[in-house]
Amino acid sequence: MGVFDSVGTLLADIANIISDGQRILSLSDKRHWGQDEREQERALNSVLDEARKDFQELGPLVNGNGRSQYEHDRRHESMEELRAILGKFQALNERLKDWSRSGGPIDPTWVRETYTIKRELHRAQCRAAMRVFTSAREASQRCLGAFIVQRKQRAPLRDAKAGIKPDETTLERYYKEELIACKAVGTFQRFGDQDIAFVCDFCDGHLVWEDLERMPTVRSSTRAVPPSSLSSPVSLLPNTSNWQASGVTNCGQHQKQVIFAPVAIANHIIPTHGDWEAKLLCPLCEEIGEQPQDEDDDEDPYRPDEEFDDVKSLQEHLEWQHGTATLPIGLPTTTTAENNCLVM
Ligand SMILES: [Zn+2]
Ligand SMILES: [Zn+2]
56 MGVFDSVGTL LADIANIISD GQRILSLSDK RHWGQDEREQ ERALNSVLDE ARKDFQELGP
116 LVNGNGRSQY EHDRRHESME ELRAILGKFQ ALNERLKDWS RSGGPIDPTW VRETYTIKRE
176 LHRAQCRAAM RVFTSAREAS QRCLGAFIVQ RKQRAPLRDA KAGIKPDETT LERYYKEELI
236 ACKAVGTFQR FGDQDIAFVC DFCDGHLVWE DLERMPTVRS STRAVPPSSL SSPVSLLPNT
296 SNWQASGVTN CGQHQKQVIF APVAIANHII PTHGDWEAKL LCPLCEEIGE QPQDEDDDED
356 PYRPDEEFDD VKSLQEHLEW QHGTATLPIG LPTTTTAENN CLVM
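Residues in the sequence shown are numbered consecutively from 56, following this note's numbering.
Here's what the structure looks like:
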């Protein structure tokens, strides 16, 4: 630990400490092991697995020009967070050492503690990667978490460009992977009595859906909109017809249309210092903004740089500025709505 610390060296230190912990456990007399000792061993293994996986996945996302920027990054906040986690694993090891010397059953609360530090480590890696990501892209404040989901949404288009015609299985895979990406980026939780919030692991930003019983997990439509559709029949990148999902209100059990969660997640921006709620960009305006514009058109309702304060104001904007009226309730949507509903 010292002035030459970087994300890479601190993660290596953390991995070594965890391996030490695993060694202490493995050298203890396993004949006296019970459920708690085995749980502790599993917990340590899972920390190491996740830390390695995060490192391998996050690095390539933020590295530019073939340099391992993530590994060599030494931003002060990232160093502080990783050092604090290292300290917690060191303290845990000390207790494991005492336990191995004195014998007896292991303290079962250590397992829970290990999982808590595991979660902190995951979030520290997400935030460290995001700091590298945003400093390289000053023009856009889209969160790295949003970027990860958006990448999944590009899959159908990417495949279509490569001449791949998706079959039913491939389509199912697109939908599933989009949701998996969201869950890898943050967590859904009940928020207040009636709302559901998504909390991003990368930026801590909250996205709030008001008055919603469960978060719908399918879109009302996945239709691609010509002419940009190429040969892909579906689009997960938002267009005028596919940003909605059908949900049920918490109070009164009325059906209502909401922004499909991955659409909002893929377009959130990092909250400015002190804010808890993440603002959002309109993906449809953004797409229009990328096309050549008529210079004197002051009346243009599309504002690619406009930020929306919350999910509700983005939804109002989509409904008013991008044409499609809310889809009629009861439209034959992707089937089995019952099973597909859940706080994800
Ligand atoms: Zn975020
Ligand atoms: Zn817009």
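All residues carry an ideal CB built from backbone N, CA and C; glycine is no exception.
Quick one: Cα of GLU227 to Cα of ALA300, how far?
17 angstroms
*Can you give me the Cβ contacts of CYS258 inside the same chain, cut-off strictly under 6 angstroms, excluding the 5 residues immediately before and after it?*
CYS198, ILE325
| said: Give the residues whose C-beta lies closer than 5 angstroms to at least one heavy atom of ligand 1, in chain order. | reply: CYS198, GLY200, CYS255, PHE257, CYS258, GLY260
Can you tell me whether DSSP reads PHE253 as helix, strand or coil?
-> strand
For VAL166 versus GLU105, is the C-beta spacing smaller than 7 angstroms?
no
| query | Which residues in the same chain have their Cβ closer than 6 angstroms to the Cβ of LEU292, if we skip the five residues on either side of it in sequence? | reply | GLN208
First and last residue of the uninterrupted beta strand (DSSP E) at THR242:
241-246
Beta-carbon within less than 8 angstroms of ALA67's beta-carbon, same chain only, minus the 5 sequence neighbours each way: which residues are those? none
With 16 as the cutoff for other CB atoms within 10 Å, does THR327 come out buried or exposed?
exposed
Discussion item. Counting C-beta neighbours from all protein chains within 10 Å, is the total for ASN71 16 or more, i.e. buried, or is it exposed?
Written reply: exposed
* Asked: Does the distance from the CB of SER157 to the CB of VAL62 come in under 7 angstroms?
  -> no
Inter-residue spacing [alpha-carbon to alpha-carbon] between ALA98 and VAL117 = 28 angstroms
| In terms of DSSP beta bridges, what is VAL263 paired with? | ALA252
>> Would THR295 and HIS377 qualify as a contact pair, given that the criterion is a beta-carbon distance under 7 angstroms?
In response: yes
| At a cut-off of 6 angstroms, is CYS337 close to ligand 2 when judged by its beta-carbon and the heavy atoms of the ligand? | yes
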